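A short write-up of the structure that comes next.
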Amino acid sequence: MFTNYLIFLALNTGIFALFSLGLNLQWGVTGLINFGHVAFMTIGAYTTVLLTLQGVPWFWAMTVGTLLAGVLAIILGLTTLRLREDYLAIVTIGTSELVRLIALNEQWLTRGALGLFSYPLPWQGTWSRWPAILLWTVFFGISMRQLCYAMRIPIWFKRWLIVGVGILLLIIYLAGLTTLYQGDYKVRLLVLLAGVLLGTFLLLEQLSHSPWGRLLKAIREDEIAAQALGKNVFIYKLHSLILGGMIGGISGAFYAWQLTFINPESFVPLITFQAWMIVIIGGGGNHAGTLLGALIFWAYDSLTRFLLPALIPLDGSRMGALRVMIIGLLLILVLVWRPQGLLGKKAELTLN
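Under the working numbering, the residues of the sequence shown are numbered 758 to 1109, in order.
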């Protein structure tokens, strides 16, 4: 039972880490304020599910969902990116609600509030456990290598965080080995998610250290200076919005596969603001910080779900409100103590 819950928690952490990486590229790296990032997840989830129900293989369905999320980002970018950044914030949050309400009302397509279920899932049929175990081991080895590289950071609390993350990854790896050997489907999905998340992280790391990524950071710091150097700021901001939106679309496919049932209430604006908390806690502009922020957020969610009811006797609604208050307080403390986030660089980023 504990192993199954640990796999469930790892899936949620990985999905929200992937989702938040897209937001981190848009805001943390480029400075684009997106309060409707869940719209890309909605497009990716519904497109993937609807196409697989029509017999399209899951990989191509996910690819089409990712591309449609990119098309939505193009539409948003062409209409708002030439204006002030607050227009993008207003339009994106409105767009996310518009997409959700379309999914709610167009019952001929999405079944509305009844939702979609019993749709095909990836890697669900017959399979050999040993290739998956090998992939799982390779992903774990690459992750530990990244953590060893991060140990070079000469700040004591970061090192303790990294050691703690390493121990947690080891526990998840061992739990995954056990359930993979038993043939559990959820851990197969986790292996696929780990591969996509790791590939996305390494790609963003490579891009962030390229001339393209350095220009995005320059736009974040001083857009006028970047324009004065002859750079087409609008095009680069559009690149960031599209790539971040496509990453959000991919996360939507995994979100649907994890839930095995989706309806419009699965894509409320709260999901966007959970991603904002993850990015702010980890450190805007730092992709490793986003992964750490997702881990901390879901560890908090899991611990308070079980520990608080044992310590404080409250009913369900009041307990939910208390948990929201505590995460809000923790976020305020992080902003006061380290406004750049746990792994962010203060020289690069401060929250104005």
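Just so you know, even glycine gets a beta-carbon here, dropped at the ideal spot from N, CA and C.
Remember, predicted model here, so these are calculated numbers, not experimental data.
For the pair L861 and I764, the Cα-to-Cα distance works out to about 31 Å. Considering only N761, S777, Y930, A767, the residue with the shortest C-alpha distance to T1047 is S777.
Remark: C-beta atoms of A802 and T849 do not approach each other more closely than 9 Å. For the 9 Å CB-CB criterion, N791 and L845 form a contact.
Per the DSSP secondary-structure output, L873 pairs in a beta bridge with I1019. Using a Cβ-Cβ distance cut-off of 8 Å, the stretch 997 to 1014 and the stretch 818 to 827 are in contact, since at least three pairs of beta carbons, one from each stretch, lie closer than that value. Counted as a single uninterrupted DSSP element, the alpha helix (DSSP H) harbouring L950 occupies residues 942 to 965. About 6 Å separates the beta carbons of A1045 and L1100, which is inside the 8 Å limit, making them a contact pair.
Within the model, the alpha-carbon separation for A932 versus I890 is close to 12 Å. For E980, the enclosing alpha helix (DSSP H) stretches over residues 980 to 985.
Of the candidates S965, T799, L835, L835 places its Cα closest to the Cα of L995. If you check the CB distance, G970 and G1039 do not come in under 9 Å. Per DSSP, the continuous alpha helix (DSSP H) segment holding V806 begins and ends at 795 to 810. With a contact defined as Cβ atoms closer than 8 Å, M1034 and L1088 qualify at about 6 Å. Each of Y993, W880, L1090 was checked against the Cα of R977, and the nearest Cα belongs to Y993.
In the displayed model, V1091 falls within a helix according to three-state DSSP. For H794, the number of other beta carbons within 10 angstroms of its own is at least 16, and it is reported as buried. Measuring C-alpha to C-alpha distances from D1058 to each of Q1031, G1041, I1037 identifies Q1031 as the nearest. Within the stretch 1001 to 1081, the runs of alpha helix (DSSP H) at least 4 residues long that lie entirely inside it are, in chain order, 1027 to 1039, 1044 to 1068. A1078 and K988 have their C-alpha atoms some 47 Å from each other. Cβ contact annotation for I899 (same chain, cutoff 7 Å, sequence separation greater than five): L955, in chain order.
Bounds of any alpha helix (DSSP H) do not take in W784, whose DSSP letter is neither H nor E. Leaving aside the five residues that flank G1041 on each side, the residues in its chain whose CB is nearer than 7 Å to its CB run, in chain order, N781, W784, G785, G1098, G1101, L1106. Taking Q984 as the centre and dropping the five residues before and after it, the same chain places the C-beta of V990 closer than 8 Å to its C-beta, in chain order. Annotation: W1094 to R1075 spans about 28 Å, alpha carbon to alpha carbon. Each residue's CA atom was taken as its position, placing K974 and G1001 some 15 Å apart. A check of alpha carbon separations from L892 across M798, R1062, I859, V953 identifies V953 as the nearest.
Measuring C-alpha to C-alpha distances from G869 to each of P1066, R1062, Q881, I1019 identifies I1019 as the nearest. Here G788 is not near M1003, since their CB atoms are 9 Å or more apart.
Judged by beta-carbon spacing, A1051 lies within the 9 Å limit of T770, meaning their Cβ atoms are closer than that value. V813 sits in coil when the DSSP states are folded into three classes, being neither helix nor strand.
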